Structure formats: C-alpha cells, structure tokens
Amino acid sequence: MGFVELEQLNSACIAATIVKFLKDAGLILSNLVGQGYDGCSTMTGREAGVNRLIQNELPKALFFHCASHKLNLVINDLNEVSAIRNTIGVIKH
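All residue numbers for the sequence shown refer to numbering that gives the first Met the number 0, where the first residue is 0 and numbers rise by one.
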C-alpha cells in the first residue's frame with residue numbers, strides 16, 4: 000500500500016496516521032475487522048495503545064498480535080543454537 004512519515008512516535012499520532020492513510024486509500028473503514036502489530040506498548044496498550052484508539056473509532060477492528068513477528072523472534076533465537084542451525088543447512092541440501 001505504501002509508507003507514510005510519522006510526525007510523532009506516540010500512539011495518538013500513529014493511530015491518526017493509519018486511519019488517515021486508510022481513508023485516503025479509499026477503503027471503507029466500517030469494513031475493517033482486524034489490526035495486527037508487534038507487541039510494543041505503543042501499539043498494544045490496553046488503554047491508549049494504537050489498537051485501542053483505532054478500536055474506539057472502529058469497534059469491529061479487533062487486535063491480534065502479529066504471529067509473523069513472533070515467528071521471526073523464535074527463528075532468530077533458534078539460529079543461535081548450532082545444532083538447529085546445522086540441521087536447517089542439511090535439510091536445504
């Protein structure tokens with residue numbers, strides 16, 4: 000879709016920027032049913048995180064922690080274990 004420069008890195012600015020970007024893209028925001036972010040508090044805070052601010056405007060937009068982010072963290076950690084790293088190399092060949 001694209002990238003947008005953020006004027007500030009707080010949850011209110013990020014949420015407003017996301018909503019504006021989606022509106023400018025011509026999306027029907029009432030159809031938004033999900034949000035996915037990593038686990039940082041700015042994005043996931045229960046009271047004032049980006050997900051909460053967007054869900055206050057768009058109640059159907061449920062938040063889900065990004066599974067791809069979790070998978071990436073696990074893979075990075077596993078890569079530190081030489082037995083696993085070597086096994087992956089053998090499987091590729």
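From the three backbone atoms N, C-alpha and C, an ideal C-beta is built for every residue, glycine too. Source: prediction; values computed, not measured.
Rounded distance between the beta-carbons of residue j and residue i, thought under 8 Å
i	j	result
leucine 57	leucine 26	With a Cβ gap of about 11 Å, leucine 57 and leucine 26 do not count as contacting.
methionine 0	alanine 24	6 Å
alanine 60	valine 32	6 Å
Residue i and residue j closer than 8 Å at C-beta
i	j	result
isoleucine 13	valine 49	yes
valine 18	isoleucine 74	no
glycine 38	histidine 64	yes
phenylalanine 2	glutamine 34	no
Member of the options whose CA lies at the smallest distance from the CA of residue i
i	options	result
serine 10	Asn85, Met42, Lys22 and Ile83	Met42
histidine 68	Tyr36, Asp76 and Leu21	Tyr36
First and last residue of the uninterrupted beta strand (DSSP E) at residue i
i	result
glutamine 34	33-36
Extent of the continuous alpha helix (DSSP H) to which residue i belongs
i	result
leucine 70	66-77
cysteine 39	That residue, cysteine 39, is in no alpha helix (DSSP H); it is neither H nor E in DSSP.
glutamine 7	Neither: glutamine 7 is in no alpha helix (DSSP H) and is coded neither H nor E.
asparagine 50	49-56
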